[in-house]
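Residue numbers (the numbering used here), protein chains in the order written: chain A, 1257 to 1488; chain B, 105 to 437; chain C, 61 to 347. Beneath this line is the structure, given in structure tokens, with notes to follow.
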Amino acid sequence: MAEFLAIENLQSFYGDFQALHGVTLTLQPGEVLALIGANGAGKSTLLKTICGLVSGKGAIRWKGTDLLGQRPNLIVAQGIALVPEGRRLFPSLSVEENLILGGQVGRPGPWNLKAVCDLFPVLAEKRAAPATALSGGQQQMVAIGRALMSNPELILLDELSLGLAPIVIKDIYARLPRITANGMSAILVEQDVTRALAAAGQFICLAEGRVSLAGKPGACHRDQISAAYFGT
Amino acid sequence: MNHQITRSTVLSRTAGVVALLLVVALAAAPWWGSSATLHLIGEFSVYLALATLWNLLAGYAGLVSVGQQAYVGLGGYVLFSAALFAGVHPLAAIPLAGAAAALMAVPVAALVFRLQGAYFAIGTWVVAEVFRLCAAQLAVLGGGSGISLPAQVTKQLGAKAVREASIYWVALALGVGCLVLVWLLLRSRIGLALTAIRDSEIASSSLGVPIAGVKYAVYILVAGLTAMIGALISLQKLRVSPDASFSVNDWTAFVIFIVVIGGIGTIEGPIIGTIVYFLLREFLADYGTIYLLLLGALAIAIMLVAPKGIWGYVAARWGISLFPVGYRIKWKD
Amino acid sequence: MDLLNTIVQGILVGGLYALFAAGLSLIFGVMRLVNIAHGDLIVLAAYAAMVVVKATGLHPLASLLLVVPLMMAFGYALQRLILNRTLGRDLLPPLLVSFGLSVILQNGLLATFTADSRKLDGGALETASFQLAGISVGYLPLLMFAVAVAVIAGLQFLFYRTALGRAFRATSDDAEVAELMGLDRARIYGWAMALCLGVVAIAGVFLAIRSNFDPFMGPGRLIFGFEAVIIGGLGSLWGTLAGGVILGVAQGLGAEINPGWQVLAGHVAFLLVLAVRPKGLFPRIDG
């Protein structure tokens, strides 16, 4: 009955500045958790702390092991992959090289170059192009594909819709179920609350670094969510 | 208002008084000190000045130059040229050297500022090499071996005691002067601009700080002052030569070590650093190369363990400042 | 045909300068580090070759078999133990630490080997030459140039066609995200420095055969390498070769006018390029 991911009283710091003040959550295999909240609430910080990019205190237990203090390259080897905010593709590498690099960590699983190109056919066409020559939506697909290449058990999606046109966002979200189909868990950070709640089985709302509301999308009232979002 | 903004503390005011008394005592040295003492204090003053200026350039303006020896040598050569060929009194030639160097720094800056970061550093080194190689081509000034100050010029400085005293006072004036000048500069709006630039170029640029202009101005100012010190050095040694006047070891390596060990980006740092340097030299100079090896190792160790140097560590730990350049908020309770 | 001869010799020596520069270019490309001790490491390699030759009686070029792996191991250790700890946002620590390293190397070599000028005997290779269009082309300079081309071609291949090269490029682009892909930044940088010192070893051995060397020659070699990089253009290894050639030719022409002007002519060429084409002659349109 050990939870997949268990975060207890997490406090995150950028130098002296404390961005998270005691966040607690749990995640089961195959669950999709939406993380909502206003700008600066700490959503991205939470994802980055899980990945080892930001330092923190408390506990982040992943299948029993405490992740805090481990370097990012070790964490990804244990099955957690991040699709960073703003994509952050490697400009010096082609689309294909970006994807191959994602598989660098060499974990076994269904995701490989062919599978990723099946999910996002446009990537097969553009495989030799420099990654940053693609459109925003296509870059987002590369970023997701790159994370999938490491065959994670938990994928962290940070602001997928940032800077993308609505029709492109819709297209990407339409493919999400295929990603979570094989029992992969996901934490989805999204500014667009409606879309996030529609894609997830449970959600957490952050305000000023604290959990202001947690529950299932259907079970909470709109006004409740609004209040939690704005910290009123 | 329940608070007051001040610039000084009791400690800093005390330090100021002590410093003033010290300067007065040092100024009287020609009367109480021997030739050797004057020579030592003069040398100390020279290194303090060079270190303070390099600190301003690298620690505040972010211009890490490994080529300041260009201006040290230029100062010496301009002084010798002015004294030998234009009959200028050697002491009057010092500010002249400063002006000449400041002028020379304009096109040099235009060139080297095209390089960034560490490449800028090496670029300044190349410029210094160019100066050195050109100096070696000047047959009238001794070519590759350099020349000593001719007797008739030395006589212009008076009898031995007078000459030593005047050179000493100029050295002291330059040392104290550079320290005071840099302190005042950093307390001014320019200083605020420099600190802003040091902390974040992008942010300060967006606030309207004219980064390029400030950097140019600091580079040219430091070049001029460094040349004045170089001119003085040539009087202290009574000699110029391409290798000695443009020595990267004497005028850059040691200076950098002083600033790094003492504490870069602070006013007190160069003072502490110069003291440490002279102490080390006192005890270890007999060991030749081991002394230099130790300096190098010490600089590396400081950079890895305590990058803010001795004073940086002290100031951070105890929050003190002897020559404050910032503001403090005093809360009235 | 004096002018043609000068130019040809200048082109060939440009190969050696490109070897000096290739390592600098590589390290700056991968980790934005400029190692002030780079030239001193070339001199260290020369002395290492001297020690190997004395101990084994091998031909200096054969000593590469030992010197290259030795220098590579040293580079890996240097990076992981010292230089990795200086990398970060601030430009001063790596610069000052490498400056300290430079002083240590020079004085360490001085203490160990004295200030005497040394040279390695290349045997027949040093003086053998052939005639080409009325010019005497030495086998050694030609070999140096050929090796430089081979090294640069090799580095290009490594960077653009191997997994390690991919890792270098990714880490150079965004070290944080590269770590999210499972790359160990510390190790990648270690490998980059190891590679750099491998090239430095080759440069050092050729230096030792070609001319006299002493503990203080480092800064001069650093400057030549640096000038080749800037003339050629940042970010381009083939540009660095071109830069080396231009530098070599400029120095040769300067020496023709007046032997004392050789090095100065190179500096002038560098300053001219800096004034007129600050990005170098063949820059990569990179960050």
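Heads up, the beta-carbon is just placed ideally off N, CA and C, and yes, glycines get one too. Values in this document were obtained by computation on a predicted structure and should not be read as measured data.
Where the alpha helix (DSSP H) through residue i begins and ends
| i | result |
| --- | --- |
| Leu1293 of chain A | Rather than Leu, the amino acid found at residue 1293 of chain A in this sequence is Gly. Careful: Gly1293 of chain A lies outside any alpha helix (DSSP H), inside the beta strand (DSSP E) at Val1288 to Gly1293. |
| Phe266 of chain C | Arg245 to Arg270 |
| Lys1370 of chain A | Leu1369 to Leu1375 |
| Arg221 of chain C | Tyr199 to Arg221 |
| Ala277 of chain B | Lys264 to Arg291 |
| Gln1212 of chain A | What the structure shows of chain A is the stretch from 1257 to 1488, and residue 1212 of chain A is not part of that stretch, so it cannot be assessed. |
| Thr141 of chain B | Ser139 to Trp158 |
| Ser185 of chain B | Gln173 to Phe189 |
Residue closest to residue i, alpha-carbon to alpha-carbon, out of the options
| i | options | result |
| --- | --- | --- |
| Arg291 of chain B | B:Val168, B:Ser112, B:Leu157 and B:Ile375 | B:Ser112 |
| Gly225 of chain C | C:Leu185, C:Arg145 and C:Trp251 | C:Trp251 |
| Tyr151 of chain B | B:Ala132, B:Val127 and B:Val176 | B:Val176 |
| Ala137 of chain C | C:Gly75, C:Tyr77, C:Asp176 and C:Ile248 | C:Ile248 |
| Leu325 of chain B | B:Ile375, B:Leu296, B:Ala206 and B:Val352 | B:Ala206 |
| Gly70 of chain C | C:Gly303, C:Gly320, C:Ile262 and C:Ala227 | C:Gly303 |
| Val380 of chain B | B:Leu278, B:Phe148, B:Ala232 and B:Ile404 | B:Phe148 |
| Ile424 of chain B | B:Ile109, B:Thr110, B:Ser116 and B:Gln108 | B:Ser116 |
| Phe1307 of chain A | A:Ser1348, A:Asn1368, A:Leu1261 and A:His1277 | Note that residue 1307 of chain A is Cys in the sequence shown here, rather than Phe. That would be A:Leu1261, whose Cα lies nearest to the Cα of Cys1307 of chain A. |
| Leu257 of chain C | C:Thr66, C:Leu72 and C:Leu86 | C:Leu86 |
| Ala230 of chain C | A:Leu1345, A:Gln1267 and A:Gly1362 | A:Leu1345 |
| Ala105 of chain C | C:Leu294, C:Pro338, C:Pro275 and C:Phe159 | C:Pro275 |
| Pro120 of chain C | C:Glu236, C:Thr187, C:Phe266 and C:Leu165 | C:Phe266 |
| Phe1376 of chain A | A:Glu1353, A:Asp1414 and A:Ala1430 | A:Ala1430 |
| Leu1432 of chain A | A:Phe1486, A:Val1372 and A:Gly1312 | A:Val1372 |
| Gly312 of chain B | B:Ile301, B:Gly166 and B:Ala203 | B:Ile301 |
| Gly413 of chain B | B:Val429, B:Ile404 and B:Ile368 | B:Ile368 |
| Phe284 of chain C | B:Gly227, B:Arg385 and B:Leu384 | B:Gly227 |
| Leu151 of chain C | B:Phe224, B:Val128 and B:Arg267 | B:Phe224 |
| Ala1456 of chain A | A:Glu1446, A:Val1361, A:Gly1465 and A:Leu1302 | A:Glu1446 |
| Glu1409 of chain A | A:Glu1353, A:Pro1422, A:Gln1326 and A:Trp1318 | A:Trp1318 |
| Phe228 of chain C | C:Val207, C:Phe205 and C:Met253 | C:Met253 |
| Ala235 of chain C | C:Gly148, C:Gly83, C:Ala82 and C:Leu126 | C:Gly148 |
| Lys264 of chain B | B:Leu237, B:Ile198 and B:His143 | B:His143 |
Contact belief for residue i with residue j at Cβ below 8 Å, rounded distance in angstroms
| i | j | result |
| --- | --- | --- |
| Gly292 of chain C | Leu341 of chain C | 6 Å |
| Leu101 of chain C | Val260 of chain C | 5 Å |
| Val344 of chain B | Leu245 of chain B | 7 Å |
| Ser1490 of chain A | Ala1385 of chain A | Because chain A in this structure spans residues 1257 to 1488, residue 1490 of chain A falls outside the shown range and cannot be described. |
| Arg140 of chain C | Ala268 of chain C | Actually they are not in contact, since the Cβ atoms of Arg140 of chain C and Ala268 of chain C sit about 27 Å apart, beyond 8 Å. |
| Leu157 of chain B | Leu329 of chain B | 6 Å |
| Ile212 of chain C | Leu301 of chain C | 6 Å |
| Gly1278 of chain A | Arg1466 of chain A | 7 Å |
| Ala204 of chain B | Ala331 of chain B | 7 Å |
Residue i: first and last residue of the uninterrupted beta strand (DSSP E) it sits in
| i | result |
| --- | --- |
| Arg1317 of chain A | Ser1311 to Trp1318 |
| Ser85 of chain C | Here Ser85 of chain C belongs to no beta strand (DSSP E); instead the alpha helix (DSSP H) covers Asp62 to Met91. |
| Ile1411 of chain A | Leu1410 to Asp1414 |
| Asn1234 of chain A | One cannot answer for residue 1234 of chain A here, as it falls past the ends of chain A, which runs 1257 to 1488. |
| Arg1466 of chain A | Arg1466 to Gly1471 |
| Gly1419 of chain A | Unbroken run through Gly1419 of chain A: none, as it is neither H nor E. |
| Val1243 of chain A | Since the first residue of chain A shown is 1257 and the last is 1488, residue 1243 of chain A is not available in this structure. |
| Cys1461 of chain A | Gln1458 to Ala1463 |
| His1277 of chain A | Phe1273 to Leu1283 |
| Leu192 of chain C | Ser189 to Leu192 |
| Thr55 of chain B | Any property of residue 55 of chain B remains undetermined from this structure, which presents chain B solely from 105 to 437. |
Next item on the list: Kindly confirm or deny that the region 247-259 of chain B and the region 359-367 of chain B touch, where touching means at least three C-beta pairs closer than 8 Å.
Entry: no
Item checked: Near-chain C residues of the region 1342-1360 of chain A (beta-carbon distance less than 9 Å), N- to C-terminal order -> Arg1344, Leu1345, Phe1346, Pro1347, Ser1348, Leu1349, Glu1353, Asn1354, Ile1356, Leu1357, Gly1358, Gly1359 and Gln1360
Check: Which residues, in order along the region 143-157 of chain C, keep a beta-carbon less than 7 Å from a beta-carbon of chain B?
Finding: If the cut-off is 7 Å between Cβ atoms, the region 143-157 of chain C has Arg145, Thr146, Leu151, Leu152, Pro153, Leu155, Leu156 and Val157 near chain B.
Note to self: To be precise: take each residue of the region 158-183 of chain C, compare its Cβ to all Cβ atoms of chain B, and keep it if any distance is under 9 Å. Which residues remain?
What the structure shows: Ser158, Phe159, Gly160, Leu161, Ser162, Val163, Ile164, Leu165, Gln166, Asn167, Gly168, Leu170 and Ala171
Next item on the list: Could you name the residues of the region 200-215 of chain B whose beta carbon sits closer than 7 Å to any beta carbon of chain C, in the order they occur along the chain?
Entry: Leu215
Notebook entry, point to check: Between the region 1273-1285 of chain A and the region 1472-1483 of chain A, do three or more beta carbon pairs fall short of 8 Å?
Noted result: no
Next item on the list: Note down, in chain order, all residues in the region 1313-1332 of chain A with a beta-carbon under 9 Å from any beta-carbon belonging to chain C.
Entry: Those residues of the region 1313-1332 of chain A that come within reach of chain C (Cβ to Cβ, closer than 9 Å) are Arg1327, Pro1328, Asn1329, Leu1330, Ile1331 and Val1332.
Notebook entry, point to check: Counting Cβ pairs, one atom from each stretch, are 3 or more of them under 8 Å apart for the region 1336-1345 of chain A and the region 1391-1408 of chain A?
Noted result: Inter-segment contact for the region 1336-1345 of chain A and the region 1391-1408 of chain A is present: three or more beta-carbon pairs are separated by less than 8 Å.
Checklist line | Cβ contact check for the region 163-176 of chain B and the region 187-199 of chain B: 3 or more pairs under 8 Å | finding: No, they do not touch.
Note to self: If contact is defined by three or more beta carbon pairs under 8 Å, each pair taking one atom from either stretch, is the region 207-226 of chain B in contact with the region 295-313 of chain C?
What the structure shows: no
Item checked: Contact set between the region 83-94 of chain C and chain B, restricted to residues whose Cβ is under 9 Å from the partner -> Phe88, Arg92, Leu93 and Val94
Note to self: Output needed in chain order: residues of the region 286-298 of chain C with a Cβ under 9 Å from some Cβ in chain B.
What the structure shows: Phe286, Glu287, Val289, Ile290 and Leu294
Next item on the list: Below 7 Å between beta carbons is the criterion; list the residues of the region 215-229 of chain C that meet it against any residue of chain A, in chain order.
Entry: Arg226 and Arg229
Item checked: the region 236-267 of chain C: positions lying closer than 8 Å to chain A by Cβ -> Glu236, Val237, Ala238, Glu239, Leu240, Met241, Gly242, Leu243, Asp244 and Arg245
Next item on the list: Can you give me, in chain order, the residues of the region 311-332 of chain C that have a beta carbon less than 7 Å from any beta carbon in chain B?
Entry: Gly320, Val323, Leu324, His327, Phe330 and Leu331
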